[in-house]
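Engineer:
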Amino acid sequence: MTTQSSAAAARGAAAEAAADAYPRIVAALIRITGDWTLAEDSAQDALAAALERWPADGVPGNPGAWLMTVARNRALDTIRRATVERRKLRDVAVLALTAATGEPLPAEEVVDDRLRLIFTCCHPALALEARVALTLRTICAVPTADIARAFLTSESTMTRRLTRAKTKIADAGIPYAVPEGPALTERLPGVLAVLYLLFTHGYNADGEPAFAAEAIRLTRLLARLMPQQPEASALLALMLLQHSRRAARRDADGNLVTLDKQDRARWDHAAIAEAVDLLAAVPGDGPYALQARIATCHATAPSPEQTDWATIADCYDQLVRRQPSPVIELNRAVAHGYAFGPAAGLELLAKARAGGALDDYPLALAAEADLTARDGDRERAADLFREAAARTHSESERRALLDRAAENA
Amino acid sequence: MKYMMFVCVDGDPDTDPAPEPDIDEWVATNDAKGRRLRGHVLAPADAATTVRVRNGQLLVSDGPFTETKELIVGFDLLECADLDEAIEVARTHPMARGGRIEIRPFADFEQ
């Protein structure tokens with residue numbers, strides 16, 4: 001092997017070990033020192049040292065433990081040099097750090113640290129956007145510049161936002177802990193919502209695709225760490241099912257392809273199988289479990305015509321009872337239209353629109369148009385498709401709706 | 001950690017018909033646990049006087065500083081382990097449902 005390629009291999013090994021070890025090191029150092037910046041700086045220093053030394057010295061047997069030791073020593077040095085005013089913190093942290101010197105932390109404790117970190121980053125006392133950004137930065141080690149780009153803001157603004165969030169964690173006394181008992185039940189949906197937001201941020205048309213993969217990685221971790229919380233597994237299944245379609249969602253020109261027109265051979269069937277297995281062990285009445293079951297019906301149907309609409313309609317019935325919202329009622333009407341005939345769908349759609357919340361929602365008009373067409377009134381359907389096309393802000397959606405209008409004219 | 005808890009009113013109370021927690025019980029419980037160091041109800045906002053000094057000149061005006069409907073009607077000084085404990089204390093205060101409660105940590109100059 002040439003020097004150049006072994007250097008490249010060492011860099012590759014360092015990068016790989018970093019992706020896995022970084023969040024655990026940060027999490028452990030935050031727990032010990034209570035200082036987010038110190039923890040992140042020390043972990044970064046350790047990474048830099050690895051990239052400098054490993055290409056020459058070779059990759060150590062346990063790269064994660066090597067990085068942890070170097071990061072811990074950096075943190076210790078920084079604290080030892082800290083000013084007299086910080087003596088109290090220094091004494092406590094030096095004690096904790098020296099007590100843990102040498103050996104890598106026991107596995108459960110490490111796992112526990114990352115869970116604590118997730119719950120701290122997703123604390124409801126932080127602004128929602130700060131929660132997502134902090135999760136990406138601290139747990140997924142996504143560079144601030146990438147987060148800024150995804151949130152359509154400048155790097156300096158995002159840095160300030162992250163700093164503010166970290167300052168609030170310290171100043172307001174946000175605990176670095178996983179809540180217990182009823183508080184956990186209250187806090188977990190917020191954590192899951194942040195992870196799902198992270199996912200959709202990556203999955204949406206103009207999002208950052210890597211975020212979807214990060215969200216899945218993190219939710220997988222959470223589901224593994226909290227096996228007694230079925231909604232964590234259900235959310236993982238939901239993400240896997242949606243993500244399984246990523247290769248089929250766009251045509252050669254980059255336009256979005258609707259579910260019924262996608263090439264099902266291009267779906268990730270391993271991901272679908274994993275999600276189906278996960279869901280088999282999850283009781284069915286949580287909101288993510290219900291959404292994942294709906295997604296399963298779509299993902300496992302051999303063709304759009306063979307979709308199990310009766311089960312989908314049933315899931316929407318339960319979902320609308322748990323989380324009543326006009327959009328869920330709209331989807332429920334569409335499902336009933338496919339399961340029990342267009343007249344049944346139109347009746348539910350009329351109820352969904354009665355509150356007026358869907359008046360400016362082009363998809364409600366499009367759904368009514370589709371149900372009307374299938375009910376046989378093609379003339380009225382064409383009018384409705386044209387009306388929906390006039391309301392939408394998406395050019396590709398507008399074209400698709402005008403095509404449907406022409407089909408029915 | 002010390003937290004100042006501002007008890008505020010606003011025009012959007014909770015509509016849950018379940019009875020609100022009892023304020024005397026709230027005070028007794030949190031005093032007994034050493035979490036509430038002091039606290040009091042304030043006189044109505046029209047008793048407020050606002051004082052400012054600008055360029056050496058004293059400006060005294062009638063009424064509270066705030067110009068919204070949200071007014072501070074009371075305060076409690078808390079000693080809690082962390083924000084979660086302070087949130088728990090605030091959650092059980094009847095005014096969390098009648099108005100809103102702002103928890104502000106004391107700035108820590110030691111760190």
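Residue numbers (the UniProt record's numbering), protein chains in the order written: chain A, 1 to 409; chain B, 1 to 111. The C-beta atom is built at its ideal place from N, Cα and C for all residues, glycine as well.
#1: Are the CB atoms of CYS122(A) and VAL194(A) nearer to each other than 7 Å?
#2: Taking C-beta pairs closer than 8 Å, name the residues in chain A that PRO105(B) reaches, listed in chain order.
#3: Using CA atoms only, rank isn't needed, just tell me which of MET226(A), PRO230(A), LEU236(A) is closest to GLU214(A).
#4: Measure from the C-beta of residue 176(B) to each C-beta in chain A and report whether the shortest distance is under 7 Å.
#5: Since ASN204(A) and SER396(A) are thought to touch, with beta carbons under 8 Å apart, how far apart are those beta carbons, to the nearest angstrom?
#6: What residues in the UniProt domain "RNA polymerase sigma-70 region 2" (22-82) of chain A have a beta carbon less than 8 Å from any beta carbon of chain B?
#7: Considering only their Cβ atoms, is the gap separating ARG35(B) from LEU78(B) smaller than 7 Å?
#8: Does any C-beta atom of chain B lie closer than 7 Å to the C-beta of ALA165(A)?
#9: Since residue 414(A) and LEU330(A) are thought to touch, with beta carbons under 8 Å apart, how far apart are those beta carbons, to the nearest angstrom?
#10: Should ALA107(A) go down as buried or exposed, given a rule of 16 or more other Cβ atoms within 10 Å for buried?
#11: Below 6 Å CB to CB, which residues in the same chain sit around LEU198(A) once its five sequence neighbours on both sides are set aside?
#12: Quick test of your reading: ASP286(A) and ALA234(A), contact by CB under 8 Å. State the CB separation rounded to the nearest angstrom.
#13: DSSP state of TYR203(A), grouped into three classes?
#14: In three-state DSSP terms, what is MET5(B)?
#15: Return the bridge partner residues of VAL41(B) from the DSSP annotation.
#16: By how many angstroms is the C-alpha of ALA18(A) removed from the C-alpha of PHE6(B)?
#17: Give me the Cα-Cα distance between HIS269(A) and PRO304(A), rounded to the nearest whole angstrom.
#18: Can you confirm whether ALA193(A), when its beta carbon is compared against all beta carbons of chain B, has any partner nearer than 7 Å?
#19: Which residue wins for smallest C-alpha separation from HIS336(A), given the options ARG217(A), ALA357(A), THR311(A)?
#20: Is there a Cβ from chain A that is less than 7 Å from the Cβ of ASP84(B)?
Structural biologist: Once the coordinates are examined:
#1: The residue labelled residue 122(A) in the question sits at position 122 within the first sequence. The residue labelled residue 194(A) in the question sits at position 194 within the first sequence. The answer is yes: Cβ separation under 7 Å.
#2: Your numbering for residue 105(B) matches position 105 in the second sequence. Within chain A, the residues near PRO105(B) are ASP171, ALA172, GLY173.
#3: Against the first sequence, residue 214(A) aligns to sequence position 214. Nearest option by C-alpha distance: LEU236(A).
#4: The displayed coordinates of chain B run from 1 to 111. Any statement about residue 176(B) would go beyond what the structure contains.
#5: Along the first sequence, one-based indexing puts residue 204(A) at 204. Along the first sequence, one-based indexing puts residue 396(A) at 396. With a Cβ gap of about 14 Å, ASN204(A) and SER396(A) do not count as contacting.
#6: none
#7: As a first step, residue 78(B) must be located in the second sequence, where it is residue number 78. As a first step, residue 35(B) must be located in the second sequence, where it is residue number 35. For LEU78(B) and ARG35(B), yes; Cβs fall inside 7 Å.
#8: Translated into positions along the first sequence, residue 165(A) becomes position 165. So no, ALA165(A) is outside the interface.
#9: Since the displayed chain A opens at 1 and closes at 409, residue 414(A) lies outside it and no answer follows.
#10: What you label residue 107(A) is simply residue 107 of the first sequence in a count that begins at 1. Because ALA107(A) carries a pLDDT of 46, less than 50, the predicted location of this residue cannot be relied on, and the following value inherits that uncertainty. Label assigned to ALA107(A): exposed.
#11: As a working mapping, residue 198(A) is identified with position 198 in the first sequence. Contacts found: VAL132, PHE211, ALA215.
#12: Locating residue 286(A) in the first sequence gives position 286, counting from the first residue. Locating residue 234(A) in the first sequence gives position 234, counting from the first residue. One point to set straight first is that residue 286(A) is Gly, not Asp, in the sequence displayed. Yes, they are in contact, since the Cβ atoms of GLY286(A) and ALA234(A) sit about 6 Å apart, within 8 Å.
#13: Along the first sequence, one-based indexing puts residue 203(A) at 203. Reduced to three states, the DSSP call for TYR203(A) is helix.
#14: Numbered from 1 along the second sequence, position 5 holds the residue referred to as residue 5(B). For MET5(B), the three-state secondary structure derived from DSSP is strand.
#15: Working through the second sequence from its first residue, we reach residue 41(B) at position 41. According to DSSP, which records beta bridges pairwise, VAL41(B) is partnered with GLY74(B).
#16: Position 6 of the second sequence, counted from the start, is the residue given in the question as residue 6(B). Position 18 of the first sequence, counted from the start, is the residue given in the question as residue 18(A). PHE6(B) and ALA18(A): Cα-Cα distance of roughly 45 Å.
#17: In the first sequence, counting from the first residue as 1, residue 269(A) sits at position 269. In the first sequence, counting from the first residue as 1, residue 304(A) sits at position 304. Computed Cα separation, rounded: 16 Å.
#18: Along the first sequence, one-based indexing puts residue 193(A) at 193. ALA193(A) does not count as touching chain B.
#19: What you label residue 336(A) is simply residue 336 of the first sequence in a count that begins at 1. Nearest option by C-alpha distance: THR311(A).
#20: Taking the second sequence and counting its residues from 1, the one referred to as residue 84(B) is at position 84. Yes, ASP84(B) lies at the interface with chain A (some Cβ there is under 7 Å from its Cβ).
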